[in-house]
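Engineer:
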Amino acid sequence: MSRKVIGGPTGTGRDPNAKLLRVVDIKTHFRTEKGTVRAVDGVSFTLDRGRTLGVVGESGSGKTILSRSIMGLLPKRNVVRQGHVYYEGTDIIGLPDEEMRHVWGSEMAMVFQDPMTSLNPVKKIGKQITESLFLHLHMDKQDAHDTALALLSSVGIPEPEQRLNEYPHQLSGGMRQRVVIAIALACGPKLLFADEPTTALDVTVQAQILNLLQQLQRERHMAMILVTHDLGVVAGRTDEIAVMYAGKVVEHAPTPVLFSNMKMPYTEALLSSIPKLDYPSHTRLEVIPGRPPDLINPPRGCRFAPRCKYAQERCLNEEPPLIAAETPGHMFRCWFPVGSPEGEEALSRNLAAGASASGVPVTDVPMPASLAGRS
Ligand SMILES: Nc1ncnc2c1ncn2[C@@H]1O[C@H](COP(=O)(O)OP(=O)(O)O)[C@@H](O)[C@H]1O
Ligand code: SF4
Ligand SMILES: [Mg+2]
Numbered sequence: 047m048s049r050k051v052i053g054g055p056t057g058t059g060r061d062p063n064a065k066l067l068r069v070v071d072i073k074t075h076f077r078t079e080k081g082t083v084r085a086v087d088g089v090s091f092t093l094d095r096g097r098t099l100g101v102v103g104e105s106g107s108g109k110t111i112l113s114r115s116i117m118g119l120l121p122k123r124n125v126v127r128q129g130h131v132y133y134e135g136t137d138i139i140g141l142p143d144e145e146m147r148h149v150w151g152s153e154m155a156m157v158f159q160d161p162m163t164s165l166n167p168v169k170k171i172g173k174q175i176t177e178s179l180f181l182h183l184h185m186d187k188q189d190a191h192d193t194a195l196a197l198l199s200s201v202g203i204p205e206p207e208q209r210l211n212e213y214p215h216q217l218s219g220g221m222r223q224r225v226v227i228a229i230a231l232a233c234g235p236k237l238l239f240a241d242e243p244t245t246a247l248d249v250t251v252q253a254q255i256l257n258l259l260q261q262l263q264r265e266r267h268m269a270m271i272l273v274t275h276d277l278g279v280v281a282g283r284t285d286e287i288a289v290m291y292a293g294k295v296v297e298h299a300p301t302p303v304l305f306s307n308m309k310m311p312y313t314e315a316l317l318s319s320i321p322k323l324d325y326p327s328h329t330r331l332e333v334i335p336g337r338p339p340d341l342i343n344p345p346r347g348c349r350f351a352p353r354c355k356y357a358q359e360r361c362l363n364e365e366p367p368l369i370a371a372e373t374p375g376h377m378f379r380c381w382f383p384v385g386s387p388e389g390e391e392a393l394s395r396n397l398a399a400g401a402s403a404s405g406v407p408v409t410d411v412p413m414p415a416s417l418a419g420r421s
């Protein structure tokens, strides 16, 4: 069977009426000496053109491997991949790199965490931007130069003409990440992944870069998947949020719904660990006790059970399926959801006993003013 070629100048094989991205039951497992690491373990979602999805979870929950699985940027050896990634209606999972080269840059692009590792230290910035313009858009030298200048201006780099002739080390961290964004946007991708794009940057620069990404996403009507460990980062910047834990999406909801009516104790715990402005020195209120599970031998029941203050006996034995909440687009996996009568009862029982069924100590942590009153 011949495969459709997508992307490229003619874009044959794409269906403009199909969803921009439909990810179906993606599994990415790594074979290691110690066993199989289930890094991504059955993730599904769709994303429309121009929409923004936040992917949130602690370090090691599978966010980067999920993004790389969708883009086809995984190591070649000892990886088992299953599932489908439909991009404009065509399944791109497992396409050879020669075909994916039509997709990278011109259809999907990624901004990585550390600008120093994504830029070539020995190539001038101008050359790094124009390379993809020659390759994908077949521009001549003058057009590529003019486009590079316009791109640098659009990402807020002062004196862009001069910057084109500089090397990455001559720029500050924030300016380097702006260059990385310019490179990612050079060929007008319809989907941008931003994987912890500000983690390596100074706190004062972080908000500027996030705001720039949001502005560019809107101006270009580009879809964006913003990956972060911090719920605070995606709060005002995304249409929907998928919360990941131990390789699975445990809650997915439109952003306002997630914040007003979260169902997962894990999402609640993540929210409680955001530094709050109404607390002195942005202190972390509560750190989630324990560590994420071993992905080679995850717990039998709910993967969050060993750390969950709502956990009951059932949680230790039965894995909760992903089910739909009352609000359209809201899904979660939990036997004793936050705010439900069963959840309240489970929490009170554990509070009275001083520990949950899995032994995690439970204390009544007062909600900060900013959270009190949410239903
Ligand atoms: N090449 C690999 N081989 C084995 N395990 C890996 C490999 N790459 C990532 N992992 C594991 O997959 C899990 C998910 O990693 P990652 O997606 O990078 O997490 P996150 O981005 O959420 O911090 C982690 O437990 C990590 O150790
Ligand atoms: S209450 Fe049970 S099912 Fe829900 S998150 Fe906690 S351990 Fe998992
Ligand atoms: Mg990561």
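The sequence shown begins at 47 in the working numbering and counts up by one.
Here a beta-carbon is modelled for each residue, glycine too, at the ideal position from N, C-alpha and C.
The model shown is predicted, which means the values in this text are computed figures rather than measured ones.
Is any heavy atom of ligand 2 found at a distance shorter than 7 Å from the C-beta of C233?
Structural biologist: Not under cutoff, so the answer is no.
Engineer: Can you find a heavy atom of ligand 2 that lies under 7 Å from the Cβ of P121?
Structural biologist: No; taking the cut-off as 7 Å, the Cβ of P121 has no heavy atom of ligand 2 nearer than that.
Engineer: May I have a chain-ordered list of the beta strand (DSSP E) segments no shorter than 3 residues that lie completely inside the stretch 149-234?
Structural biologist: The stretch 149-234 contains these whole beta strand (DSSP E) runs: 154-157.
Engineer: Relative to the C-alpha of E286, which candidate in G202, V251, E364, G375 has its C-alpha closest?
Structural biologist: For the residues G202, V251, E364, G375, the minimum Cα distance to E286 belongs to G375.
Engineer: Please specify which runs of the alpha helix (DSSP H), each continuous and at least 4 residues long, are wholly inside the stretch 324-374, giving them in chain order.
Structural biologist: Taking only runs of at least 4 residues, the alpha helix (DSSP H) segments lying wholly in the stretch 324-374 are 359-363.
Engineer: Measure the CB-CB distance between G278 and D248 and report whether it falls below 8 Å.
Structural biologist: Contact flag unset, no.
Engineer: Output the distance between the C-alpha atoms of M117 and E144, rounded to the nearest integer angstrom.
Structural biologist: Between M117 and E144, the C-alpha separation is close to 13 Å.
Engineer: What's the call for G151, buried or exposed, on a 16-neighbour Cβ count within 10 Å?
Structural biologist: The residue is buried, with at least 16 neighbouring Cβ atoms inside 10 Å.
Engineer: Can you tell which of T78, L237, I175 has the C-alpha that lies nearest to the C-alpha of E207?
Structural biologist: The candidate whose alpha carbon is nearest that of E207 is I175.
Engineer: So, is R346 buried or exposed, given that buried needs 16 or more other C-beta atoms within 10 angstroms?
Structural biologist: Answer is exposed; the Cβ neighbour count stays below 16.
Engineer: Could you compute how far the alpha carbon of P235 sits from the alpha carbon of M268?
Structural biologist: In a straight line, the C-alpha of P235 is about 7 Å away from that of M268.
Engineer: Express the C-alpha separation of I171 and A371 in angstroms, rounding to a whole number.
Structural biologist: Going from the Cα of A371 to the Cα of I171 covers about 48 Å.
Engineer: Using the rule of at least 16 other Cβ atoms within 10 Å of the residue's Cβ for burial, across every protein chain shown, is V69 buried or exposed?
Structural biologist: Buried is the call here.
Engineer: Mapping the DSSP letters down to three states, classify G278 as helix, strand or coil.
Structural biologist: Reduced to three states, the DSSP call for G278 is helix.
Engineer: Exposed or buried, which one is P62 when buried takes at least 16 other CB atoms within 10 Å?
Structural biologist: P62 comes out exposed.
Engineer: Count the other C-beta atoms from every protein chain shown that fall within 10 angstroms of the C-beta of I72, then say buried if there are 16 or more, exposed otherwise.
Structural biologist: Buried: at least 16 other Cβ atoms inside 10 Å.
Engineer: What span of residues does the alpha helix (DSSP H) with E388 cover, start to end?
Structural biologist: Here the alpha helix (DSSP H) through E388 covers 387-399.
Engineer: With distance defined between alpha-carbon atoms, name the residue in A190, T98, G389 nearest to A358.
Structural biologist: Residue identity differs from the one stated: residue 358 is Gln in this sequence, not Ala. For the residues A190, T98, G389, the minimum Cα distance to Q358 belongs to G389.
Engineer: If you run the structure through DSSP and keep just helix, strand and coil, what is T301?
Structural biologist: Of the three classes helix, strand and coil, the one that applies to T301 here is helix, per DSSP.
Engineer: May I ask you to check if the CB of T74 is nearer than 7 Å to at least one heavy atom of ligand 4?
Structural biologist: In terms of ligand content, the structure shown lacks ligand 4 and carries ligand 1, ligand 2 and ligand 3 instead.
Engineer: Just the Cα atoms here: how many angstroms apart are N211 and T92?
Structural biologist: Going by the C-alpha atoms only, they are around 41 Å apart.
Engineer: Which residue or residues does DSSP assign as beta-bridge partners of Q128?
Structural biologist: Looking at the DSSP assignment, Q128 forms a beta bridge with K73.
Engineer: Taking R353 and P335 to be in contact with their CB atoms under 8 Å, please state how far apart those CB atoms are, rounded to whole angstroms.
Structural biologist: 6 Å between Cβ atoms; contact.
Engineer: Is the CB-CB distance between V272 and V289 below 8 Å?
Structural biologist: The sequence given here has Leu at residue 272, not Val. No.
Engineer: Could you round the C-beta distance between L231 and L258 to whole angstroms and report it? I think they count as a contact, below 8 Å.
Structural biologist: No, L231 and L258 are not in contact; Cβ-Cβ is about 11 Å, not under 8 Å.
Engineer: Using a Cβ-Cβ cutoff of less than 8 Å, which residues in the same chain neighbour L179 once the five nearest sequence positions on both sides are dropped?
Structural biologist: If we look at L179 and ignore the five residues flanking it on each side, its Cβ neighbours are M185, D189, A190, T193, A194, A232, C233.
Engineer: Could you name the residues, in chain order, whose CB is less than 5 Å away from a heavy atom belonging to ligand 2?
Structural biologist: Here the residues come out as P311, C348, F350, A351, C354, Y356, A357, C361, P366, C380, W381, F382.
Engineer: On the DSSP letters alone, give me the boundaries of the alpha helix (DSSP H) that L259 sits inside.
Structural biologist: From DSSP, the alpha helix (DSSP H) with L259 extends over 249-265.
Engineer: Rounded to whole angstroms, what is the Cα-Cα separation between R337 and D160?
Structural biologist: Spanning the two alpha carbons is a distance of roughly 25 Å.
Engineer: Would D276 and T110 qualify as a contact pair, given that the criterion is a beta-carbon distance under 8 Å?
Structural biologist: Contact flag unset, no.
Engineer: By the DSSP assignment, the alpha helix (DSSP H) with E314 in it spans what residues?
Structural biologist: Unbroken alpha helix (DSSP H) run through E314: 311-318.
Engineer: Would you mind sorting R264 into buried or exposed? The rule is 16 or more other CB atoms within 10 Å of its CB.
Structural biologist: Per the 10 Å Cβ criterion, exposed.
Engineer: DSSP on M308, reduced to helix/strand/coil?
Structural biologist: Residue state, collapsed to three classes: coil.
Engineer: Quick check: does the Cβ of T78 come within less than 7 Å of any heavy atom belonging to ligand 1?
Structural biologist: Result yes, Cβ under 7 Å from ligand 1.
Engineer: Do you know offhand how far R97's Cα is from L112's?
Structural biologist: If I take the Cα positions, the gap works out to 18 Å.
Engineer: Ordered along the chain, which non-local residues of its own chain (more than five positions away) have a Cβ less than 7 Å from that of A228?
Structural biologist: The residues are I175, L197, L198, V201.
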